[in-house]
Amino acid sequence: DIAKDYILRSNCKTVLKWRSESGMRVMSHHHCFSSSIECPLIQKRITAACVEYCTVDGRSFESAAVAGFANLAKQLVNTGATLGSSVSASDLLTHLTTNYCDTCFNGVYLMLDSFLKVYHELPTILADEQKRTYLKIVRDEMELLCLYLKQFHDVIEKLSCEKTLTLHLVVPYK
């Protein structure tokens, strides 16, 4: 007989981690997930959080749809399942200065580039007050700004290798 560390709830098919010190309390804290009611509500909350992430941080909406973001979300879900709610999310996230270059240049570049891609389609979906602001934006100047920021984006991407040395690549950009 080998001791098992997991319990399978027969009614909702959820696997729960069992510990001898907590006994069956893990069962009393679990609420069966009703996908028909809770799933759309959870998806709505996630969508709202993604919109807030993009707008507050000045990131393109594409940044929330890439594989890296999905991997981050999966890791956060796994971490939440392992640690529960006793740990602050801000304690687990990397320090802001670690990602300064990406946030400063790449995020702005990606957002403006996304905006340029749909520039001509925007008047059809904007409210009248937003259209007045839209008309103040000079597309040619935005393209020039994007071209300028793209240089930073390209350099940062090229020098962001984690497994290979990139110091020799710095000299051409001097």
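As numbered in my numbering, residues 844 to 1017 make up the sequence shown, in order. All residues carry an ideal CB built from backbone N, CA and C; glycine is no exception.
Check: Should TYR991 go down as buried or exposed, given a rule of 16 or more other Cβ atoms within 10 Å for buried?; Outcome: exposed
Check: By how many angstroms is the C-alpha of LEU884 removed from the C-alpha of THR940?; Outcome: Confidence in THR940 is poor, its pLDDT being 49 and thus under 50, which makes the residue's placement unreliable; the coordinate value appears in the next sentence. Approximately 34 Å between the Cα atoms of the pair.
Check: State the DSSP-derived secondary structure class of ALA970, mapped to helix, strand or coil.; Outcome: coil
Check: Just verifying my parser: in three-state terms, what is the DSSP assignment at ALA913?; Outcome: helix
Check: By Cβ distance below 7 Å, which residues in the same chain neighbour ASN949 in space, the five residues on each side in sequence not counted?; Outcome: HIS996, ILE999
Check: From the DSSP output, in three-state form, read off ASP997 for me.; Outcome: helix
Check: Report the CB separation of LEU953 from GLU905 in whole angstroms; it is logged as a contact under 8 Å.; Outcome: 7 Å
Check: Please report the distance separating the alpha-carbon of LEU919 from that of ALA908.; Outcome: 16 Å
Check: Anyone know if the C-beta pair for TYR962 and ARG975 falls short of 7 Å?; Outcome: no
Check: How long is the line joining the alpha carbons of GLN886 and LYS917, rounded to whole angstroms?; Outcome: 14 Å
Check: According to DSSP, is ARG930 helix, strand or coil?; Outcome: According to the sequence shown, residue 930 is Val rather than Arg. Here VAL930 sits in coil by DSSP.
Check: Helix, strand or coil, according to DSSP, for THR979 in the structure here?; Outcome: Looking at the sequence itself, residue 979 is Lys, so the reference to Thr does not match. In this structure, LYS979 counts as coil in the three-state DSSP scheme.
Check: For SER929, count neighbouring C-beta atoms within 10 Å of its own C-beta (all shown protein chains included) and say buried if the count is 16 or more, exposed if not.; Outcome: exposed
Check: Step through the CB atoms of chain D and report whether any lies within less than 7 Å of the CB of THR890.; Outcome: Among the protein chains of the structure shown there is no chain D, as only one such chain exists.
Check: Out of LEU959, LYS1001, GLU972, which one is the CA nearest neighbour of LEU988?; Outcome: LEU959
Check: May I ask you to report which of helix, strand or coil DSSP gives LEU1002?; Outcome: coil
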